[in-house]
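Q:
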Amino acid sequence: MTGQGRDPAFLAVRDLTKRFGGLTAVSEATLDVREGSITGLIGPNGAGKTTLFAMIAGFEQPSAGLVLLDGEEITGRKPHDLAKLGLARTFQIVQPFAGLSVRENIAVGAFLRLPKRRDALALSEEVGQRLGLGPQLDKPAAALTVAGRKRLEVARALATRPRILLLDEVLAGLNPSELRDFLPVLQDIRAGGVTILMIEHVMQAVMSLCEHVHVISGGRIIASGEAAEVVGNPAVIEAYLGPGAAQRLAAHA
Ligand SMILES: Nc1ncnc2c1ncn2[C@@H]1O[C@H](COP(=O)(O)OP(=O)(O)OP(=O)(O)O)[C@@H](O)[C@H]1O
Ligand SMILES: [Mg+2]
273 MTGQGRDPAF LAVRDLTKRF GGLTAVSEAT LDVREGSITG LIGPNGAGKT TLFAMIAGFE
333 QPSAGLVLLD GEEITGRKPH DLAKLGLART FQIVQPFAGL SVRENIAVGA FLRLPKRRDA
393 LALSEEVGQR LGLGPQLDKP AAALTVAGRK RLEVARALAT RPRILLLDEV LAGLNPSELR
453 DFLPVLQDIR AGGVTILMIE HVMQAVMSLC EHVHVISGGR IIASGEAAEV VGNPAVIEAY
513 LGPGAAQRLA AHA
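Using the working numbering, you'd call the opening residue of the sequence shown number 273 and step up by one each time.
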C-alpha cells in the first residue's frame, strides 16, 4: 500500500539540498516517483543527479530536506538499512569484484536477505538468467564487456529484492543493438513490481521507457512532467544547449 493518505508518492523527495563546502550540488530538490512507474531523472553533466541519488540511498547525508519511502521518513538512514527497506541503487562507475565470478558478484546483493551461501547463489542464478547473463555466470566478472558489466550492476541491485531501484546511467556506453536489447529487460523488471527511478542521458531510452521525467540543472529541478512535454520545454532546451537556444531552434523550425 502506498502513502496511506500521508503522501501519494511511493518515493517523495522534499527540498533536498547538498552542500559540499561552498558548492551547492543539489538545491531544494522536490520530486515524486509513483509506485510501479519508470520515472526519469535527466539533466546536463554536473547537474547534481548522482548526488541526489546518493542522498536518497543514504550514501551522502543531506544538508537539508526530506526523503520519504511509502510515506515513511528515511532521510539520512544508512545504505544497508535502506536496502533492507527495499531501496537499491546502481553506481555510475561500475566496479565489480574482478576476481569473483559473475554469479558470486550477484550474490553480493543476494546475501542481504539470504545469509546461506547456497540460497544466495540460487537467487543469483535466477536473477542472472533474467538479466541475460546466463552464459556468463561462471566466468570472472573481469571478462565481461561494458554492456555485461552494466547488466551485472543491475543484477546485483535486483538480487537485494528491492521495491524501488535507482539506476544511474545503466545505458551509458552501450551500442545501439545492446541498448535495444536492454530496454525490454528494464520493462520486465518493472512488470515484476519494481518501481524504477533512472538517471539517463540516452534520450531515446528515456522517451520509450519513462512516463514521467524530472529535469535537474545546476542542482535545481527545473521541469517535471510527461517525457514528450518536458523535452520541448524551452527551459530544458536551454539547460542543455545554453541561453537563447530554444529561440534559435524555434527560428529554424
Ligand atoms: N563528494 C563531492 N565533493 C565535492 N563536490 C562534489 C562531490 N560530489 C559531486 N560534487 C560536485 O557536485 C556537482 C554535481 O555532481 P554530480 O556527480 O551529482 O552530477 P551529475 O548530474 O551526476 O553529473 P554527470 O552527468 O556528469 O554524472 C558537480 O559540480 C560535482 O563536481
Ligand atoms: Mg552522475
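Where is the CB? At the ideal position from N, CA and C, for every residue including glycine. Given the structure is predicted, the values throughout are model-derived calculations rather than measurements.
Excluding sequence positions up to five away, which residues of its chain have a Cβ less than 8 Å from the Cβ of Arg286?
A: Residue 286 sits at position 14 when you count from the first residue of the sequence shown. Cβ within range, chain order: Thr302, Gly337, Leu338, Val339 and Leu340.
Q: Suppose the cutoff is 7 Å on Cβ atoms and the five residues either side in sequence are ignored; what does the same chain contact list for Leu455 look like?
A: Start at 1 with the first residue of the sequence shown, and residue 455 comes out as number 183. Answer for Leu455: Ala477, Ser480 and Leu481, listed in chain order.
Q: Looking at the secondary structure, which residues open and close the alpha helix (DSSP H) in which Asp439 lies?
A: Against the sequence shown, residue 439 aligns to sequence position 167. According to the sequence as given, residue 439 is Leu; it is not Asp. Note, Leu439: premise wrong, no alpha helix (DSSP H); beta strand (DSSP E) at Ile436 to Asp440.
Q: Can you check which of these residues, Ala319, Gly358 and Gly318, is closest to Gly556 by C-alpha distance?
A: No statement about residue 556 is possible, as the shown extent of the chain runs from 273 to 525 and does not include it.
Q: Under the DSSP definition of a beta bridge, which residues are partnered with Ser489?
A: For the purposes of this step, residue 489 is taken as the residue at position 217 of the sequence shown. Arg492, per the DSSP bridge assignment.
Q: Is His486 buried or exposed, if buried means 16 or more other CB atoms sit within 10 Å of its CB?
A: Taking the first residue of the sequence shown as position 1, residue 486 is located at position 214. The residue in question, His486, is buried, as its Cβ has 16 or more Cβ neighbours within 10 Å.
Q: Between Gly464 and ligand 1, is there a pair consisting of the residue's CB and a ligand heavy atom that are separated by less than 7 Å?
A: In the sequence shown, residue 464 corresponds to position 192, counting from 1. False, no ligand heavy atom lies under 7 Å from that Cβ.
Q: Looking at Gly400 and Arg375, is the spacing between their C-beta atoms short of 8 Å?
A: As a first step, residue 375 must be located in the sequence shown, where it is residue number 103. As a first step, residue 400 must be located in the sequence shown, where it is residue number 128. It is a contact, given that the beta carbons lie within the stated cut-off.
Q: Is any heavy atom of ligand 1 found at a distance shorter than 7 Å from the C-beta of Gln364?
A: Start at 1 with the first residue of the sequence shown, and residue 364 comes out as number 92. Because some heavy atom of ligand 1 lies under 7 Å away, the Cβ of Gln364 counts as near it: yes.
Q: For Asn317, verify whether its CB is less than 7 Å away from any heavy atom of ligand 1.
A: Residue 317 sits at position 45 when you count from the first residue of the sequence shown. Answer for Asn317: yes, Cβ within range of ligand 1.
Q: For Ser489, which residues of its own chain have a beta-carbon under 7 Å away from its beta-carbon, when the five flanking residues on both sides are left out?
A: Counting from one through the sequence shown, the residue named residue 489 turns up at place 217. Here the set comprises Gly315, Pro316, Ala319 and Ala511.
Q: Near Gln364, what residues of its chain come up, given a Cβ to Cβ distance below 6 Å and the 5 sequence neighbours on each side ignored?
A: Your numbering for residue 364 matches position 92 in the sequence shown. Excluding residues within five positions, the ones whose Cβ falls inside 6 Å are Thr322, Asp440 and Glu441.
Q: Is Gly497 close to ligand 1? I mean its beta-carbon at under 7 Å from any heavy atom of the ligand.
A: As a first step, residue 497 must be located in the sequence shown, where it is residue number 225. It does not: the Cβ of Gly497 is nowhere closer than 7 Å to a heavy atom of ligand 1.
Q: Roughly how many angstroms lie between the CA atoms of Gly497 and Leu384, to the nearest whole one?
A: What you label residue 497 is simply residue 225 of the sequence shown in a count that begins at 1. What you label residue 384 is simply residue 112 of the sequence shown in a count that begins at 1. Taking the straight line from one Cα to the other gives about 35 Å.
Q: Hey, quick one: how far does the beta strand (DSSP E) through Ser299 stretch, first residue to last?
A: On the sequence shown, position 27 is the one that residue 299 refers to. Leu295 to Val305 is the extent of the beta strand (DSSP E) around Ser299.
Q: Mind checking whether the beta-carbon of Leu303 lies closer than 7 Å to any heavy atom of ligand 1?
A: Looking up residue 303 in the sequence shown gives position 31. Checking every heavy atom of ligand 1 against the Cβ of Leu303, none is found closer than 7 Å.
Q: Pro412 and Gly445 look like a contact to me (Cβ under 8 Å); what is the Cβ gap, rounded to whole Å?
A: Your numbering for residue 412 matches position 140 in the sequence shown. Your numbering for residue 445 matches position 173 in the sequence shown. At roughly 20 Å, the Cβ-Cβ gap does not stay under 8 Å, so Pro412 and Gly445 are not in contact.
Q: Under 7 Å from any heavy atom of ligand 2, does the C-beta of Asp440 make it?
A: Here residue 440 refers to the residue found at position 168 when the sequence shown is read from its first residue. Correct: Asp440 has its Cβ closer than 7 Å to ligand 2.
Q: Mapping DSSP to helix, strand and coil, what is Asp287?
A: The sequence position of residue 287 within the sequence shown is 15, counting from 1. In the structure shown, Asp287 sits in a strand (DSSP, three-state: E or B).
Q: Of the residues Ala499, Ile494, Phe282 and Gly504, which one's Cα is nearest the Cα of Glu344?
A: For the purposes of this step, residue 344 is taken as the residue at position 72 of the sequence shown. Measuring from the Cα of Glu344, the nearest candidate turns out to be Phe282.
Q: Compute the distance between the beta-carbons of Glu425 and Val366, then report whether it is under 8 Å.
A: Your numbering for residue 425 matches position 153 in the sequence shown. Your numbering for residue 366 matches position 94 in the sequence shown. Cβ atoms of Glu425 and Val366: closer than 8 Å.
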